[in-house]
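There are 2 protein chains.
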Amino acid sequence: MGKFINKGLKLTPQRAAIFEYLDGNKSHPSAEEIFIEIKKRYPMISFATVYKTLEALKSRGDLLELSLDPERRRYDPDTSPHHHLVCIKCKKIVDIHKDFSLEIPEEAKVSFDIIGNHIEFYGICPDCRKKGGAENGSL
Amino acid sequence: MGKFINKGLKLTPQRAAIFEYLDGNKSHPSAEEIFIEIKKRYPMISFATVYKTLEALKSRGDLLELSLDPERRRYDPDTSPHHHLVCIKCKKIVDIHKDFSLEIPEEAKVSFDIIGNHIEFYGICPDCRKKGGAENGSL
DNA sequence: TTATTGACAATAATAATTATCATGTGATAA
DNA sequence: TTATCACATGATAATTATTATTGTCAATAA
Numbered sequence: 074m075g076k077f078i079n080k081g082l083k084l085t086p087q088r089a090a091i092f093e094y095l096d097g098n099k100s101h102p103s104a105e106e107i108f109i110e111i112k113k114r115y116p117m118i119s120f121a122t123v124y125k126t127l128e129a130l131k132s133r134g135d136l137l138e139l140s141l142d143p144e145r146r147r148y149d150p151d152t153s154p155h156h157h158l159v160c161i162k163c164k165k166i167v168d169i170h171k172d173f174s175l176e177i178p179e180e181a182k183v184s185f186d187i188i189g190n191h192i193e194f195y196g197i198c199p200d201c202r203k204k205g206g207a208e209n210g211s212l
Numbered sequence: 074m075g076k077f078i079n080k081g082l083k084l085t086p087q088r089a090a091i092f093e094y095l096d097g098n099k100s101h102p103s104a105e106e107i108f109i110e111i112k113k114r115y116p117m118i119s120f121a122t123v124y125k126t127l128e129a130l131k132s133r134g135d136l137l138e139l140s141l142d143p144e145r146r147r148y149d150p151d152t153s154p155h156h157h158l159v160c161i162k163c164k165k166i167v168d169i170h171k172d173f174s175l176e177i178p179e180e181a182k183v184s185f186d187i188i189g190n191h192i193e194f195y196g197i198c199p200d201c202r203k204k205g206g207a208e209n210g211s212l
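Order-wise, the sequence lines are chains A and B.
Here the working numbering is used: position 46 in the first sequence is 119, and no number is missing along the way.
Here the working numbering is used: position 8 in the second sequence is 81, and no number is missing along the way.
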């Protein structure tokens, strides 16, 4: 959980468990998934603590909130610039670490101060292709 | 409201109002914004009708649901392939009609069947730059 | 006409998220 | 030590967003 310690957040057992779960995690979990997972070790943890910790990390720039899934917010501990590949069937999200060096379009140049970009590729993952239409796969 | 008629949906006054509001609309409204606007003319319309109509249009491919704003779903009647420019201050969304012809990355090729992509450029719009920090602008 | 269907509004229900608040805890000062 | 303070926690309430259910009515089929 290295990347999350000493960020001005007091390290409590609950937070340590959340940090440990998040660090290096590539599954882009939702708040509920994080809660369920942490609860296995700390059955007394509350949803509020999870949300508050996520919010704290987010506001410190150590956690990305993804809007790729309209059903719920999902989180990504990898804050380095990267893009995502989303399965439209099972909502699995895979990282794409590649720089596309997009040329800023004219409409943007003349008006917005562009800060960054994010590309969502969407398609059907191998699991869903095989199964021919599973509604949920492993995240 | 041309683009929405004769799509297998019976044309009711409520739907006509929703269609008229959406057709050509570039503001990427939320369900609530649509509801409020329609209510001015049809005060008896219900939120459920708005949601159902949006869902119906969405499932017919005549309306895009945008996941750019984590707070709420926003809708785009322009179903032609295009990208978006989002102001991180006021959440204004502007269309970018430009083909970036992204080369499909290796990670994707070997696994996912890629169907499409969407680029979100984010930055600060001229209004917010001037105002130096308005929390809400016109959508 | 009668049965059926489809759409509506109203309402209830559910899900996701945020806020409130009393209590607890660790770090540090007295 | 103990007092204090700032912050964290968990329980729960409240909100917000969305979806589902129900009863009604009008249009249509039988």
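Glycine included, C-beta positions come from ideal geometry on N, C-alpha and C.
CA-to-CA, the gap between Ile91(B) and Lys204(A) works out to about 38 Å.
With a cut-off of 8 Å on Cβ pairs, the region 190-203 of chain A is not in contact with the region 101-117 of chain B, counting fewer than three such pairs. For a Cβ distance threshold of 8 Å, residue set Ser184 and Phe185 of chain B lies close to Pro199(A), ordered along the chain.
Distances from the CA of Cys160(B) to each of Tyr195(B), Glu176(B), Leu95(B) and Pro143(B) were compared; the closest alpha carbon is that of Tyr195(B).
Inter-residue distance for Glu128(B) and Arg145(B) is about 15 Å (C-alpha atoms, whole angstroms).
For Ile107(B), the uninterrupted alpha helix (DSSP H) run begins and ends at Ala104 to Arg114, by DSSP.
Along the region 93-116 of chain B, none of the residues has a CB nearer than 7 Å to a CB of chain A. In the DSSP assignment, Gly189(B) is bridged to Tyr195(A). Residue-level contact check: Pro143(B) touches chain A, since one or more beta carbons of chain A fall below 7 Å from its beta carbon. The three-state reading of DSSP puts Asp149(B) in strand, counting E and B together. For Gly189(B), a Cβ of chain A is located within less than 7 Å of the residue's own Cβ. Residue state for Val123(A) is assigned as helix, using DSSP reduced to three classes.
Against Ser140(B), the close residues of chain A are Ser140, Leu141, Asp142 and Pro143, in the order they occur along the chain (beta-carbon pairs closer than 8 Å). Here Ile192(B) has His156 as same chain residues with Cβ atoms under 6 Å from its own Cβ, once five neighbours each way along the sequence are excluded.
Per the coordinates, the alpha-carbon of Leu82(A) lies some 22 Å from the alpha-carbon of Leu139(A). For the 7 Å CB-CB criterion, Ile169(A) and Pro178(B) form a contact. For the pair His101(B) and Ile166(B), the CB atoms are nearer than the 7 Å cut-off. Cβ neighbours of Phe120(B) within its own chain (closer than 6 Å, five residues either side excluded): Phe108.
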